[in-house]
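Visitor: I have a structure here, written as structure tokens, and I will follow up with some questions on it.
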Amino acid sequence: MSDNGASRVPPVDETPAAESAEPITAVSLAWLPAGDYERALDLWPDFAGSDLVTGPDGPVAHPLYCRRMQQKLVEFAEAGFPGLAVAAIRVAPFAAWCAEQGQEPDSPEARAEYAAYLTAHGDHDVMAWPPGRNQQCWCGSGHKYKKCCAAASFIDTEPAP
């Protein structure tokens, strides 16, 4: 199962090919920063088994997860989606939001809706994508985007799950 955690404001289906009567003005992808990613792997078995996370020996390390997210962002951009953003999902506030909304945190739909919620409310953890080449990378590495996720050497060499 794919786990793009993608949403538009208002939320859309997870796939770039989703059709809607409303024009799409923004698409936010749910992403788990380091620390929250590892915690989510322990808490949410469906997330841990998703295409974005699964490797040949179980869940992939956070840097490879970020590379896979970068690939998803590129796919959305190539499909013509405007206003791309990455919405950082922090486990504790997300779990609280899910409890308030009656959502299951282990569902990609809940993560997509939460990404849309964060984006619509101007949350400081929502980052426009792509960042400028000389800006810090969206993945939280602390490196410049051009030297990190946008680097020409950026290739997911692991076989697809």
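Under the working numbering, think of the first position of the sequence shown as 35, with each following residue one higher. The beta carbon of each residue, even a glycine, is placed where N, CA and C say it ideally should be. Please read all numbers here as calculations on a predicted model, not as lab measurements.
Kindly indicate which three-state DSSP category residue 170 falls into: helix, strand or coil?
Guide: Three-state result, residue 170: strand.
Visitor: Give every residue of the same chain whose Cβ lies closer than 8 Å to the Cβ of residue 71, excluding the five residues on either side of it in the sequence, and list them in chain order.
Guide: Answer for residue 71: 96, 99, listed in chain order.
Visitor: Where residue 190 and residue 88 are concerned, what is the direct C-alpha to C-alpha distance, given to the nearest angstrom?
Guide: Caution applies to residue 190, whose pLDDT of 48 falls short of 50 and renders its modelled position unreliable; the value that the coordinates give is listed next. Rounded to the nearest angstrom, the two C-alpha atoms are 13 Å apart.
Visitor: When the Cα atoms are used, what is the spatial distance from residue 61 to residue 91?
Guide: One C-alpha to the other measures close to 31 Å.
Visitor: Scan the segment 108-181 and note each continuous beta strand (DSSP E) run of 3 residues or more that stays entirely inside, going in chain order.
Guide: Within the segment 108-181, the complete beta strand (DSSP E) runs of at least 3 residues are 118-122, 160-162.
Visitor: Run through DSSP, which three-state label would residue 93 get?
Guide: In the structure shown, residue 93 sits in a strand (DSSP, three-state: E or B).
Visitor: For residue 112 and residue 186, what's the separation of their Cα atoms in angstroms?
Guide: So the alpha carbons of these two residues sit roughly 17 Å apart.
Visitor: Straight-line CA distance for residue 162 to residue 117?
Guide: Going by the C-alpha atoms only, they are around 7 Å apart.
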